Amino acid sequence: MPDSLGLADSLSGNSTYALEYLPLEQNNASFPDIVITDGQAGCLYLETDEKGTTASVIRLYSLTDKSVAYLPLSLQSGESLYKYTLDKNGCIYAVLSSWHTDDSGADGGYEEYTLAVIQPDGEELFRQDITSQIKEDSPASIKEISIDGQGRLYVLGSSRIWLYSADGAYQGDINLSEQKYSWYAPAGTDKKGALYIAGQNRDGYTLTEVNFDRQSLGTSYHSFYDKGEIYLFGKGMEKDFLISDGISVYEYDLEDQGLLELFKWMDYDINGTDIQNISGIPGGGIAAAGKDNVTNEYFLVRLSDASRTDISDTASEPSSENVAPSPVPEKQEIVLAALSFKNDPTLRRAAVSFNKASDKYHITLKEYGTPVNDLGERYERWTMEEWLDAITGLNTDLTSQDCPDIVDISDINIAELADKGVFLDIQPYLDASSVISSADYPDNVLAGCTYDGKLLGIPKFISVTTVMGHASDLGEVSGWTLEDMIAYAKAHPGAELFEDATKSDILNYCMSFYESCFIDSIEKKSYFDSLTFKQLLEFVNGFPDQKEQQSGEFISPPVKIRNRDVLLEKTWIHLFSDIQYQNAVFEEDGVFIGFPTPDGSAGHALHTSSIYAITSKSPAAEGAWEFIESYLADSSYERYVANAFPSSRQELQKEIDSLVNIEYMTDHEGNLVLDENGNPQPTSGAGGTLSWLDGWSYTYHHETPEELEEACSLLYSARRLDTSNGNGIIMQIIGEEAEAYFKNQKTL
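Note that the sequence shown covers residues 15 to 762 in my numbering.
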């Protein structure tokens with residue numbers, strides 16, 4: 015287990031690294047431009063002398079002896095440092111920019127770009143106007159500037175790479191517009207000094223050589239990484255390149271095309287997604303820079319091989335604020351396990367914050383799978399094979415000595431494990447808490463995580479999936495039965511019940527709240543010979559096996575619904591604005607009728623995520639609750655990342671208040687500024703138009719109190735799906751068995 019000095023054993027690299035935070039002043043710095051190369055880290059500062067004159071200075075931090083040098087920039091009036099890099103001698107290779115107004119005095123103007131090389135003493139070796147070349151790119155932009163082992167310069171734009179000799183002479187460009195990159199960035203130079211770019215195209219992640227002499231791309235290496243998202247590439251240590259994916263750091267060798275995991279960022283209490291730059295240090299070690307999104311402070315760290323003695327520490331030591339105290343108290347490890355941490359983008363940050371704050375416990379994360387699909391609702395992300403592999407690994411650990419202390423129960427068969435006593439009842443912890451309480455959460459949210467009277471966890475986020483139909487057909491009140499839905503479909507034989515719905519879709523919709531009618535989990539009995547189930551299969555058999563390709567002129571779903579060519583729409587409510595959009599689709603004639611239920615009650619499906627339960631085997635249950643408690647109480651998450659509503663009443667109310675308390679634009683006399691319809695224009699929020707290819711569009715407005723109330727009503731009345739446990743494993747069995755009937759291989 016890592017201690018707070020950052021010493022950890024790499025599971026793959028068999029190395030021990032010592033982490034050290036280097037001193038980095040936060041004031042007057044341009045931290046997004048931290049450059050790490052050749053054992054140095056450069057950061058742009060604005061410094062003011064005794065006469066009040068402000069000048070741009072690059073502070074050059076040595077990553078070997080920790081000394082600091084100051085590189086002055088003698089920029090011309092109106093000129094700024096746009097992008098830069100450094101060589102091993104401290105020379106600055108820069109693209110400078112300056113804005114010039116039109117001679118006519120009009121409001122417009124134009125930007126000029128200058129390529130310059132500046133020596134450590136501030137003297138320029140050369141400067142050259144490169145504006146005409148940069149303007150060839152559309153839009154004109156510069157991503158980075160890089161140098162290769164021969165000192166040749168590469169200016170990287172949005173879709174071009176401009177090439178310059180060591181003395182600044184333009185040598186041509188490489189057009190990347192036909193390379194099909196979804197993104198690309200400089201990866202650094204290999205061991206031979208050749209420059210490579212990293213990108214993602216139809217071949218997956220690639221490393222591609224930039225051939226300066228031929229003014230073209232050279233050899234590409236791909237299919238070397240399949241673990242998830244790649245965030246950063248950097249120059250390697252013993253091998254060619256470092257790769258940081260936000261979770262781990264790897265080293266990649268071009269010669270043998272081998273990928274070696276060096277360590278996980280969590281081993282050093284660092285959230286890997288905070289890292290903005292990474293590079294190997296000559297002689298051994300790794301340097302990284304980033305921004306702590308909890309404290310909003312930037313940091314520079316050095317990871318040195320603790321077994322080496324050739325890295326000098328003769329210079330002044332960092333301040334006490336940047337180095338952990340010694341001796342370091344031993345912490346009790348708490349293992350938090352999940353099928354995949356893709357489901358919770360806020361968890362790593364929370365674990366890092368907890369580890370830094372706690373002097374007793376250390377959270378270690380353990381992941382059992384990585385679903386390929388990042389899109390769609392959470393239960394649609396996994397393939398069944400992916401999910402089964404991950405759940406097998408988790409279940410094995412739950413019954414062994416490697417049982418984790420905390421488990422994300424969002425995607426597992428909670429009822430089955432709860433019946434075996436795998437998890438603790440956290441209600442006593444919640445009752446004793448001075449930080450959160452049961453009253454903070456809606457009853458239906460707690461009920462959704464309660465099994466056999468035991469509260470196993472509390473979700474951080476919630477959303478609702480439901481069905482909307484025409485109120486003029488279905489009435490104003492939510493709720494109906496399977497028989498009602500079947501009758502409604504038969505009464506409109508010329509219309510689709512749901513757009514492009516297949517047998518599988520309809521079976522899942524109908525079974526959402528009906529699975530418990532056919533399965534008695536307590537008595538361990540099933541009732542698939544009932545008349546209701548036979549009627550269901552007959553109904554489902556009337557739908558196509560696969561989605562039919564739309565031919566002819568495109569017609570959008572809203573237009574189909576308006577024309578009554580489609581009767582119902584399954585909808586996911588995860589934003590307040592979803593309510594107004596759905597009402598517009600149904601032309602204010604909508605009712606959230608819900609999925610059918612046996613008793614005709616409202617069938618709104620509650621989706622819960624980021625639910626953490628404590629295992630009954632855990633020797634650190636108190637510490638596990640301490641983390642869960644702090645995680646639930648933390649309100650610093652970013653709403654757009656969560657893509658769901660907060661489960662806490664207080665946090666949800668904060669969102670509502672921010673939407674209700676609207677500020678409007680006023681003119682210089684204090685009068686409201688009105689739009690073309692005569693309505694006040696808000697200073698922020700709302701706005702935006704969603705358009706379909708056939709011309710149907712909707713422009714969003716600020717939510718009305720009625721829309722906010724309707725969203726809350728859905729959130730607080732929704733309930734757990736019958737089919738939610740175990741990623742729909744029972745539904746998979748039903749679908750496989752019914753297939754023979756659907757193919758006329760068996761009678762009903």
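C-beta atoms are modelled at their ideal positions from N, C-alpha and C, and glycine is treated no differently.
All of these numbers come straight from a predicted model, not from anything done at the bench.
Residue i versus residue j: straight-line alpha-carbon distance, rounded
{"i": "glutamate 331", "j": "serine 81", "result": "Reliability fails at glutamate 331, whose pLDDT of 39 lies under 50, so the model's placement of it is uncertain and the value that follows must be treated cautiously. Taking the straight line from one Cα to the other gives about 9 Å."}
{"i": "threonine 128", "j": "glutamine 229", "result": "21 Å"}
{"i": "aspartate 267", "j": "leucine 273", "result": "7 Å"}
{"i": "isoleucine 300", "j": "serine 318", "result": "7 Å"}
{"i": "aspartate 433", "j": "asparagine 427", "result": "10 Å"}
{"i": "glycine 165", "j": "aspartate 592", "result": "54 Å"}
{"i": "proline 660", "j": "serine 630", "result": "27 Å"}
{"i": "phenylalanine 568", "j": "lysine 561", "result": "15 Å"}
{"i": "leucine 762", "j": "proline 696", "result": "60 Å"}
{"i": "aspartate 487", "j": "aspartate 283", "result": "57 Å"}
{"i": "serine 173", "j": "asparagine 189", "result": "6 Å"}
{"i": "leucine 170", "j": "lysine 584", "result": "45 Å"}
{"i": "leucine 408", "j": "glycine 260", "result": "23 Å"}
{"i": "glycine 383", "j": "glycine 182", "result": "49 Å"}
{"i": "leucine 95", "j": "tyrosine 712", "result": "43 Å"}
{"i": "histidine 682", "j": "aspartate 689", "result": "17 Å"}
{"i": "phenylalanine 553", "j": "isoleucine 500", "result": "7 Å"}
{"i": "isoleucine 748", "j": "aspartate 559", "result": "15 Å"}
{"i": "isoleucine 670", "j": "aspartate 454", "result": "16 Å"}
{"i": "glutamate 753", "j": "histidine 236", "result": "40 Å"}
{"i": "lysine 468", "j": "phenylalanine 527", "result": "22 Å"}
{"i": "glycine 294", "j": "valine 421", "result": "35 Å"}
{"i": "leucine 666", "j": "glutamine 596", "result": "21 Å"}
{"i": "aspartate 403", "j": "glutamate 275", "result": "22 Å"}
{"i": "lysine 538", "j": "leucine 460", "result": "26 Å"}
Three-state secondary structure assigned by DSSP to residue i
{"i": "tyrosine 730", "result": "helix"}
{"i": "proline 359", "result": "coil"}
{"i": "glutamate 381", "result": "strand"}
{"i": "alanine 485", "result": "helix"}
{"i": "cysteine 57", "result": "strand"}
{"i": "aspartate 327", "result": "The predicted model places aspartate 327 with a pLDDT of 42, which falls under 50 and marks its position as unreliable, so this point remains unresolved."}
{"i": "valine 366", "result": "helix"}
{"i": "tyrosine 528", "result": "coil"}
{"i": "serine 448", "result": "coil"}
Contact under 7 Å by Cβ, residue i with residue j
{"i": "serine 424", "j": "isoleucine 625", "result": "yes"}
{"i": "tyrosine 523", "j": "phenylalanine 609", "result": "yes"}
{"i": "arginine 316", "j": "glutamate 34", "result": "yes"}
{"i": "glutamate 269", "j": "glycine 250", "result": "no"}
{"i": "aspartate 736", "j": "glutamate 400", "result": "no"}
{"i": "valine 349", "j": "threonine 309", "result": "no"}
{"i": "valine 71", "j": "proline 86", "result": "yes"}
{"i": "serine 615", "j": "glycine 493", "result": "yes"}
{"i": "isoleucine 450", "j": "alanine 647", "result": "yes"}
{"i": "threonine 480", "j": "phenylalanine 606", "result": "yes"}
{"i": "alanine 365", "j": "proline 418", "result": "no"}
{"i": "aspartate 162", "j": "glycine 207", "result": "yes"}
{"i": "isoleucine 520", "j": "phenylalanine 557", "result": "yes"}
{"i": "leucine 100", "j": "glutamine 54", "result": "yes"}
{"i": "glycine 604", "j": "methionine 482", "result": "yes"}
{"i": "isoleucine 289", "j": "serine 258", "result": "yes"}
{"i": "leucine 470", "j": "phenylalanine 437", "result": "yes"}
Closest residue to residue i among the options (Cα-Cα distance)
{"i": "threonine 115", "options": "Ala108, Tyr124, Val109, Tyr107", "result": "Tyr124"}
{"i": "glutamine 185", "options": "Ser191, Glu192, Trp176", "result": "Trp176"}
{"i": "threonine 51", "options": "Asp204, Ser88, Ala32, Leu620", "result": "Asp204"}
{"i": "histidine 715", "options": "Thr703, Cys726, Gly709", "result": "Thr703"}
{"i": "proline 296", "options": "Phe277, Tyr455, Lys102, Gly304", "result": "Lys102"}
{"i": "lysine 374", "options": "Ala638, Val421, Arg362", "result": "Ala638"}
{"i": "valine 573", "options": "Glu223, Val599, Leu550", "result": "Val599"}
{"i": "glutamate 158", "options": "Val459, Ala212, Leu666", "result": "Ala212"}
{"i": "methionine 525", "options": "Tyr502, Gln549, Leu469, Asp514", "result": "Gln549"}
{"i": "aspartate 79", "options": "Lys517, Leu36, Ser372", "result": "Leu36"}
{"i": "aspartate 466", "options": "Glu490, Phe475, Thr622, Asp439", "result": "Asp439"}
Proximity test, Cβ basis, 7 Å: residue i and chain C
{"i": "alanine 658", "result": "Among the chains of the structure shown, chain C does not appear; only one protein chain is present."}
Exercise for the section: Would you mind listing the beta strand (DSSP E) stretches within the segment 532-597 that are 3+ residues and don't spill past its ends, in chain order? Expected result: 580-587
Exercise for the section: Enumerate, from N- to C-terminal direction, the unbroken beta strand (DSSP E) stretches of 3 or more residues contained entirely within the segment 398-422. Expected result: Here the runs fully enclosed are 420-422.
Problem - Every unbroken alpha helix (DSSP H) inside the segment 607-678 [4 residues or more] - result: 635-647, 653-656, 663-674
Exercise for the section: List in chain order: all unbroken beta strand (DSSP E) runs of 3+ residues lying wholly within the segment 173-256. Expected result: 174-178, 184-189, 197-203, 209-215, 218-225, 230-236, 246-249
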